[in-house]
Amino acid sequence: MLAKGVSKYHKTTLLQQYSNVKFCPLSKNGTGEFYGKYFFWEFDAKPTELSKTYKVLIIFHIDNYSPDVFVLNKDIWEVSKSKSIPHLYDHKKIRLCLYYPSYNEWNTNMPLCNTIVSWTYLWLYFYEEWLYSNKWKGGGIHPESSKEEENENIKNTPKQLIIEQRKKKKQDSVKNIINKIYLKRKSIYMQELQNNEVVE
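First residue of the sequence shown? That's 1 in UniProt numbering, and the numbers climb one at a time after it.
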């Protein structure tokens, strides 16, 4: 048994994580690009034989603690306009909440295939169950930001404020990169759908 706080996983680089999703049996049907500091991987996921196929987009930036996972399908977006889908960080972009960060269920050394990709399939399975029963049976806790966290900067010294401002600027830059990739991949996916409809 491992001591508390000791991970059974070794330090994993971003390139190794990219290779991990590229060759993962659950996501190897996809495509993506590695850019050095970040990558994206897009793949089709079908949680059960009777399920529809979902287009999943993973974007992982080295300066982000965890990858962002989106579902690009238009019908999920339509559902989110009329019902509040559980366990989403962003209802407009369908950004999935796959684990509870405070419980340390995931860290950057864990292979994406065994964690994030597998959890995405589970999320989709429970999403389909939720559509039928209107009850989220996947368990879990969805994190809420507390007022204490939001007001933490008020107590900081000037030096800490400068560090926080730099950190926020870096986070905003990462969010901007993720948003650009998301919008581009979503646009490409929607165009492919339109082209397929014209052919049919």
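Ideal Cβ positions, reconstructed from N, Cα and C, are used throughout, including at glycine.
Starting from residue i, follow the alpha helix (DSSP H) in both directions and report where the run begins and ends.
i, result
"Y121", "S118 to S133"
"Y18", "L14 to F23"
"E78", "K74 to S82"
State the Cα-Cα distance for the pair residue i and residue j, rounded to the nearest angstrom.
i, j, result
"E33", "K52", "26 Å"
"I116", "L98", "7 Å"
"V56", "A45", "7 Å"
"Y132", "N195", "30 Å"
"Y182", "N73", "13 Å"
"M1", "T12", "Only weak support exists for where M1 lies, its pLDDT of 43 falling under 50; the coordinates are left without a value."
"S80", "Y35", "32 Å"
"S19", "K28", "10 Å"
"D172", "E197", "37 Å"
"I157", "H61", "A small fix is needed here, since residue 157 is Thr in this sequence, not Ile. Roughly 29 Å separates the two Cα atoms."
"E128", "Q191", "25 Å"
"K186", "I177", "14 Å"
"K83", "K93", "14 Å"
"L193", "H91", "21 Å"
"G138", "F126", "6 Å"
Taking all protein chains shown into account, decide if residue i is buried (16 or more other Cβ within 10 angstroms of its Cβ) or exposed.
i, result
"P47", "buried"
"I188", "exposed"
"N179", "exposed"
"F40", "buried"
"K135", "exposed"
"S146", "Caution is warranted here: a pLDDT of 35 is assigned to S146, below 50, making its placement in the model unreliable, and the coordinate value is therefore given only provisionally. When all chains shown are included, S146 counts as exposed."
"Y42", "It should be pointed out that residue 42 corresponds to Glu in this sequence rather than to Tyr. The residue in question, E42, is buried, as its Cβ has 16 or more Cβ neighbours within 10 Å."
"Q17", "buried"
"N153", "Residue confidence for N153 is low, a pLDDT of 39 falling below 50, so the modelled location carries little weight and cannot support an answer."
"F23", "exposed"
"L124", "buried"
Over what stretch of residues does the beta strand (DSSP E) that includes residue i continue unbroken?
i, result
"H61", "Y54 to H61"
"L88", "L88 to D90"
"Y100", "Looking at the DSSP string, Y100 is not in any beta strand (DSSP E), and its letter there is neither H nor E."
"E49", "First-last for E49: undefined, no H or E at that position."
"residue 224", "No statement about residue 224 is possible, as the shown extent of the chain runs from 1 to 200 and does not include it."
Given a cut-off of 9 Å on the beta-carbon distance, is the pair residue i and residue j in contact?
i, j, result
"P67", "I58", "yes"
"L50", "Y121", "no"
"G140", "H87", "yes"
"W130", "I85", "yes"
"V69", "Y54", "no"
"Y103", "R95", "no"
Going by the C-beta, is residue i closer than 8 Å to any heavy atom of the ligand MN?
i, result
"Q194", "Of the ligands one can find in the structure shown there are none, so the ligand MN has no counterpart to examine."
Evaluate contact between the region 157 to 171 and the region 91 to 111, counting only Cβ atoms and requiring at least three cross-stretch pairs below 8 Å. Between the region 157 to 171 and the region 91 to 111, the count of Cβ pairs shorter than 8 Å is below three; the stretches do not touch.
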